[in-house]
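Visitor: Provided herewith is a single structure, encoded as structure tokens, for subsequent inquiry.
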Amino acid sequence: MTDFCFPRQVRLLTAGDYQTVFNHTSCKVFAGEFLLLATKRDDDLSRLGLIVAKKNEKRAVGRNRIKRLVRDSFRHHKVELAGFDIVFLARQGIKELDNPTLSKRIDKAWHQLIKRSKKANNQPKDTKAKQK
């Protein structure tokens, strides 16, 4: 069995899971047609939530295409993204992107998220203690 599956454990399922990411976002990646929000977890499990509104893509076929591409890319980067809850938020203009272009932008966004999370982890959390 391959490690590239997308089981229930790696999905954000409840509204509370999504709300936690929105309220405690530690890293954001804005890529024009979509936004990635991430929050750090205590364990090494990575979970993904997808938001593709009808406002951005009217047809279910188009929404499902976007979600399929994001899930596929997430499966391939799951090891690098360990320890994060991530929400993918589609924005206006995402439906105009073809599959190869969207895949490249998603892959680039994963790498930016990894880079920014490492940078955030290296910074001291208590800036007042640093000033004293």
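This note's numbering puts the first residue of the sequence shown at 77, with every later residue one more than the last.
For each residue, glycine too, the CB sits at the ideal point set by N, CA and C.
1) Thinking residue 121 and residue 87 are a contact (beta carbons under 8 Å), I'd like their distance in whole angstroms, please.
2) Could you pull out every residue in the same chain whose Cβ sits closer than 6 Å to the Cβ of residue 105, ignoring the five residues on either side in sequence?
3) In three-state terms, what does DSSP make of residue 144?
4) Expressed to the nearest angstrom, what Euclidean distance is found between the alpha-carbon atoms of residue 191 and residue 135?
5) Would you mind stating whether residue 147 and residue 82 have Cβ atoms separated by less than 8 Å?
6) Can you check which of these residues, 169, 157, 171, 167, is closest to residue 183 by C-alpha distance?
Guide: Taking the definition as stated:
1) So it is not a contact: roughly 11 Å between Cβ atoms.
2) 112, 185, 188, 189
3) helix
4) 34 Å
5) yes
6) 157
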